[in-house]
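Notes follow the structure.
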Amino acid sequence: MANITLHTDSPVTATCVPNVFIDRYMVQASGEYVKIYLYLLRCITGNKSELSISKMADKFEHTEKDIKRALKYWEKMNLLHLEYDEKDELSSINFLDSPTPQPFTHNIAKPKKECQTSSEISDKKSAARREYSANEIDHFRSNEEVRTLFFVAEKYMCHPLTTTDVQTILYWYDTLKFSSELIEYLIEFCVEKGHSATRYMDKVALSWAEMNIKTAEQAKQTSNVHNQAYYAVIKSLGINNRNLVPYEMDFIEKWMKEYGFSLDIITEACKRTIQAIHQPSFEYTDTILHSWKDHKIHHLEDIATLDAAYKNKKMKKHPAAPKSNGNKFNNFSQRNYNYDQLERQLLNRSIQ
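Sequential numbering from 0 applies to the sequence shown in numbering that gives the first Met the number 0.
In C-alpha cells, the structure reads:
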C-alpha cells in the first residue's frame, strides 16, 4: 500500500483543533471518525508527513475499509480533500483551511432497503450510536442480566470496565439488540484471539450485525468458517512465526465474501503465490484471485481449464522449435545412396 502525503497551508507547531470542528462537526460524527481526524491533525503537526491506510488501520485496530470510510466522511463534510493516483489509490490528504459548515440533513433521505450496502449499514449503525447517561447506566445495572454481563466482561478482560467499555457493551445490548449470550461469546472470541480492546470487539460486533447474526450458535458457525480459512491461508503461505494483522485478515474476508471463493480455491492461489515469488504476499494472492473472479472461476476444475487455455494460447503465439535427437550431423537432410552402384564405379576406376 502506497504512502499518503499530508499537506496543509497552516504553519503550526502544535496540534490545533479548529473551533468549528468542535462546535459543529464533532458532536454529530461517530467517535471513531473523530479519532481518525484528530490523529491526522496530530500527524501533520508532529512532522509525520507520510502515513498509509494500513498503518492507521493497525494503530486503531480497524479495517482499511473503516479508515477509508472515515476519510470519505470528512471529505463530505468539506474538512478534507482526498487525491488519488493513476491507480485510483489514495495518495494525498489535504486539510481545508476554512471549512464551510454543511447541514447534516443531507443523510436524512434513506436509500431503498434492498440497495443498501454493508458500508451503508455500518455507517447507519455508527450514526445511531449515542452516549448513555449516568442515570441510564444505573438503570441498566438494575437488570440482573446486564450486571452478570458486566461481571463476565471484567473477568475476560482482566480489568475493571472503563466508561468506554460500559458504553460499548450497552450499545451492543441496547442498539444492536445482541443477547447477553451473544455478547459473552463475542468477548470470549476476541480475547482468545489476543484482542481485549473493546474497539476491536466493536468492529467484530458490527460485522456480525451486518451478517444478521442473532445467536451465539450462529456466531460460532461463522467463526469456525473464518478460523478454518485463517489457518488454511497461513499454512499455504508458510506463515508460522506470527499472527495475521487486521489488514491481512481483511483480504481473507474479501476473498470469501466479495469474491465468493471456497477455501480450496483460496489456498490454491496462496500456493501459486509461493511458487511464483517464494514469499507470502496477500497483495499478490489477491491479484491471482481477482483474475480468477474476472474469469468466473467457481471450481478447481475451472482453474485447470483456464491453465490449459493459457498454455495453448502461449504455444500458438510462440511455437516450439523442432526437437533435436542430440546428434548435430542428423540435423541435415539425409541422402539415400545405391552402394552397389558406387562399388562398381570404384572397381571400374581401379581397372582403368
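C-beta atoms are modelled at their ideal positions from N, C-alpha and C, and glycine is treated no differently.
Check                                                                                                                             : Outcome
Residue 83 - containing beta strand (DSSP E), residue span                                                                        : 79-83
Start-to-end residues for the alpha helix (DSSP H) that takes in residue 134                                                      : 133-140
Nearest-angstrom Cβ-Cβ length linking residue 265 and residue 288, presumed shorter than 8 Å                                      : 7 Å
Cβ contact check for the region 22-42 and the region 65-85: 3 or more pairs under 8 Å                                             : yes
Neighbour-count burial assignment, residue 245, 16 or more Cβ in a 10 Å radius                                                    : buried
Coil, strand or helix - residue 243 by DSSP                                                                                       : coil
Given 8 Å, three or more beta-carbon pairs between the region 77-92 and the region 222-232                                        : no
Per-residue burial, residue 309 [other beta carbons within 10 Å of its own, 16 or more giving buried]                             : exposed
Beta-bridge pairing of residue 188 - partner residues as DSSP gives them                                                          : In DSSP, residue 188 forms no bridge with anything.
Option nearest residue 165 by Cα separation, candidates 193, 77, 149, 143                                                         : 149
Ordered list of alpha helix (DSSP H) runs contained in the region 155-231, each at least 4 residues                               : 162-169, 179-191, 197-209
Sufficient close CB pairs (3 or more, under 8 Å) joining the region 239-254 to the region 207-214                                 : no
Alpha-carbon to alpha-carbon, residue 206 and residue 218                                                                         : 11 Å
Burial state of residue 230 (16 or more Cβ within 10 Å)                                                                           : exposed
Through-space distance from residue 67 to residue 306, alpha-carbon basis                                                         : 36 Å
Check whether residue 260 and residue 285 have beta carbons under 8 Å apart                                                       : no
Beta-carbon contacts of residue 203 that lie in its chain and below 8 Å, excluding the five residues immediately before and after : 185, 188, 189
8 Å Cβ cutoff met for residue 37 and residue 19                                                                                   : no
Per-residue burial, residue 163 [other beta carbons within 10 Å of its own, 16 or more giving buried]                             : exposed
Pairwise C-alpha distance: residue 272 and residue 283                                                                            : 6 Å
Cβ contact (3+ pairs, closer than 8 Å) linking the region 133-153 and the region 48-58                                            : no
Classification of residue 137 by the beta-carbon crowding that lies within 10 angstroms, buried from 16 upward                    : exposed
C-alpha gap between residue 178 and residue 143, whole angstroms                                                                  : 13 Å
Cβ shell of residue 168 (< 8 Å), same chain only, five flanking positions each side left out                                      : 148, 149, 152, 160, 182, 197
Cβ shell of residue 106 (< 6 Å), same chain only, five flanking positions each side left out                                      : Confidence in residue 106 is poor, its pLDDT being 33 and thus under 50, which makes the residue's placement too unreliable to answer from.
Own chain, CB closer than 8 Å to residue 60, minus 5 neighbours either side, in chain order                                       : 194, 196, 198, 199, 202, 245
Ranges of the beta strand (DSSP E) found wholly within the region 8-75, counting only runs of at least 3                          : none
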